[in-house]
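According to the working numbering, numbering within the sequence shown proceeds without interruption in unit steps and concludes at 1516.
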Amino acid sequence: MVVSASFALAVSEVNIFGFVRGGDSPLGLTLGLDLEGGTHLVYKAMPDDGREPTKDDMEGLRNIIDKRVNEFGVSEASVQLLGGGVDSVPDRVLVQIPGQTGTAITLKFDADTVTPETLQAFFRNELGRPEAVVTRNENGSLMVQLDDIQGESEADEWRDAIISQYPVALQVGYVLPQVDSPADAEDDAEDSKSDEEIPTLPTLDEVRGAFTSVGRSDAVVDAVVGAEGLFSILMYGMDVNTTDNTGRPVLGENQRIMTALREIGTVQFTSSQGTLTQWTLGGGVQEAKNLIGKTAQLEFRYRECGDVLAPSEDMPWPPNGLSQDEWAIERCSNPAYFTESATEIDAADLDDAFPDISGGAIPRPIVTLVFNDDGGKAFFNVTDRVSRQDDRLAIYLDGEELVAPSARAGITGGRAIIEGGSFTTERVRTIAIQLRSGALPVGLDLIQERNVDAVLGKDSLQKSLIAGGFGLIMLVVFMVAYYKVPGVIASIALVAYAVLLLGIFKMIPVTLTLSGAAAVILSLGFAVDANVLIAERTKEELRSGRSLLAAITAGFDRAWPSIRDGNVSTIIVAIVLFWFGDRFSTSVMQGFALTLAVGVLLSMFTAFFASRLLLRLIASSRIGDKPNWFVPVRDQTPPSAPTSGGVS
């Protein structure tokens, strides 16, 4: 066990079949807010109807936030209610989350035209963020790691600057008009069409006019030399959002451009490079705020797509000169051609939601939904209607369309998945937690936000380690000098205890705070106390005339009840402390109690089993021939027999 614990501590990050523990902290331990730093957030409760929050509102708010933070995987988080006096109700919530610092922005360009090095240089040199680090994710998107961000307004400014920096290159190719041979022209002279009916290629001015009509007169449009009907366009920025600020579906700028281009000719193909297709704020502080401050609003809409066949025989179909292939796409994706209505699927019927990975050729982060019986029936009815009408089921999260899938048949079993182009592994986990935990009873307004600096914590940790190491050395010197062989055994047992304890803390994991470090030192005292009791009992058995092995056995047996009762009483106190900490949302008290309980249990194991085994092994060797080596210094001379005397 000691070897395994030593290996776990020697490796900063342990990864065994997906079981990951450790990190960049000292020995890979999980550190609390006071040692690692983190996020300090204060929210003010804001009921929607303008009333004052009630005690039940605030308690429900605390419970939901605490549940969300715990499911997020943050250890030793603190969620406390603030404000209010003796007769008033608290109206603020304090949330302290260790380790959640910094911000991450995930973005993606069409055709991956921007490299991480180029974007990193832009953030550092042009946007004035020298700490920015840009990496490429497995799906090709880019992630920008930053220390902090001043709200979404600053992020919007960065987004506009990036759009202005990196151009979008478009190409559009039109179908060439068919020219008949002379023989065919003579045979079909009677059926020839008028000049107005013969399709013609749009001119360069017409293509430029199409861009001007949608407000992009800044686009540089050129005809490709040697390729008839092919035009290249260079422009800065393209808004691909398909919803407005209220969440209503609208035509994205790319869709409006394509509509204008189709009005002047039959489009054969288009290609795009450099379009910013993803911009997602997350990571650290931002992800913590997304997690805490709002409930994910999941909405299912029935999307009635445009008609496959013409509504009447005299109407040209597809509309607007679209080809059949183009209409198959546009009828369900262009808001100009579809309508949406509410479905009977209620988000309240959601039983569970959890992050997952799609099983396709390219794995993508998704959220799997599990409905109850009512939700499962409603989901089947909607997907059955979608499959029969060749329509879509549009899924929206917070007013933003995530996916609008079709269905081949009604889906049974009450399970569904949602996916989105902006989904990251961290984002799907946050969405799943928000959906699963339910709505907040009152609204929240973030009134204070700051990062807790870890410099003081690291300094405290360093001083604590120095003090602990110095104390341990002094303790070992005293135990060896005074108790001799039992002192050596006790010292070995203490070192083994410390290695095992830290290994357990890393693998569970247990979050180590300054209060937890105090509990570790306290449990070390209990371990020393147990070894002292064993040494003293063994000495008494030796003085009574027993052999060394018999004295060791009897000494352990007689010391065990005292060790057991003292440690059990300490564990009971730790349980009471943990209960009070849970009851009153005092995570510091809970961490101290948990650390103390684990340390005391382990000290009982090392003192009784490890120390006894080592003592018996040494007593069976040549050292066992010298009983004086097992007796404390002050008791080297056995007590003399009582003297007799007479009465004078």
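Here a beta-carbon is modelled for each residue, glycine too, at the ideal position from N, C-alpha and C.
Pairwise C-alpha distance: residue j and residue i
i	j	result
residue 1377	residue 1261	42 Å
residue 1106	residue 1086	12 Å
residue 1062	residue 1144	Any reading at residue 1062 needs caution, since the residue's pLDDT is 45, under 50, leaving its predicted position unreliable; the model's value is listed next. Answer to the nearest angstrom: the Cα atoms are 44 Å apart.
residue 1237	residue 1042	44 Å
residue 1286	residue 922	36 Å
residue 1368	residue 1374	10 Å
residue 918	residue 1081	46 Å
residue 1064	residue 1269	Interpretation of residue 1064 is limited by its pLDDT of 44, a score under 50 that renders its predicted location unreliable; no figure is taken from the coordinates.
residue 1420	residue 930	54 Å
residue 1202	residue 1083	19 Å
residue 951	residue 957	7 Å
residue 1391	residue 990	53 Å
residue 1027	residue 1360	60 Å
residue 1389	residue 1444	20 Å
residue 1256	residue 1249	11 Å
residue 1274	residue 1165	22 Å
residue 1241	residue 1215	13 Å
Cβ pair residue i, residue j closer than 9 Å
i	j	result
residue 910	residue 960	yes
residue 1147	residue 973	yes
residue 988	residue 979	no
residue 1223	residue 1231	no
residue 1170	residue 1209	yes
residue 1072	residue 1302	no
residue 870	residue 1364	yes
residue 1220	residue 1295	no
residue 984	residue 1142	no
residue 1334	residue 1483	no
residue 1370	residue 1344	no
residue 912	residue 1315	yes
residue 1227	residue 1199	no
residue 1030	residue 1308	no
residue 1139	residue 1038	yes
residue 847	residue 1092	As shown, the chain starts at 869 and ends at 1516. That puts residue 847 outside it, with no answer to give.
residue 1464	residue 1427	no
residue 1411	residue 1353	no
residue 1471	residue 1435	yes
residue 1337	residue 1346	no
residue 1399	residue 1349	no
residue 818	residue 1130	The chain is shown only over 869 to 1516; residue 818 falls outside these bounds and no answer can be derived.
residue 896	residue 881	yes
residue 1467	residue 1379	no
Three-way DSSP call (helix, strand, coil) for residue i in this model
i	result
residue 1157	helix
residue 1346	helix
residue 1257	helix
residue 1147	strand
residue 821	In the structure displayed, the chain extends from 869 to 1516; residue 821 sits before or after that span and is not available.
residue 1251	helix
residue 897	coil
residue 1172	strand
residue 1377	coil
residue 1092	coil
residue 912	strand
residue 1187	helix
residue 1293	helix
residue 1177	coil
residue 1277	coil
residue 1060	Note that residue 1060 scores 49 on pLDDT, short of 50, meaning its location in the model is unreliable; the coordinates nonetheless yield the value given after this. Coil.
residue 883	strand
residue 1080	helix
residue 1493	helix
residue 1086	coil
residue 873	helix
residue 1218	strand
Identified DSSP bridge partners for residue i
i	result
residue 1567	This structure leaves residue 1567 out entirely; the chain is present only between 869 and 1516.
residue 1039	1100 and 1139
residue 1356	According to DSSP, residue 1356 bridges with nothing at all.
residue 1209	1170
residue 1268	1265
residue 1314	911
residue 1224	1234
residue 1013	972 and 1001
Worksheet item: Taking the runs of the alpha helix (DSSP H) that are 4 residues or longer, which of them lie wholly in the region 967-992?
Response: The qualifying runs are 984-989.
Worksheet entry | Uninterrupted beta strand (DSSP E) stretches inside the region 1449-1490 (no shorter than 3 residues) | You should have found no qualifying run.
Worksheet entry | In chain order, each alpha helix (DSSP H) run of at least 4 residues that lies wholly inside the region 1374-1441 | Positions of the alpha helix (DSSP H) runs, each at least 4 residues long and wholly inside the region 1374-1441, are given as 1382-1411 in order along the chain.
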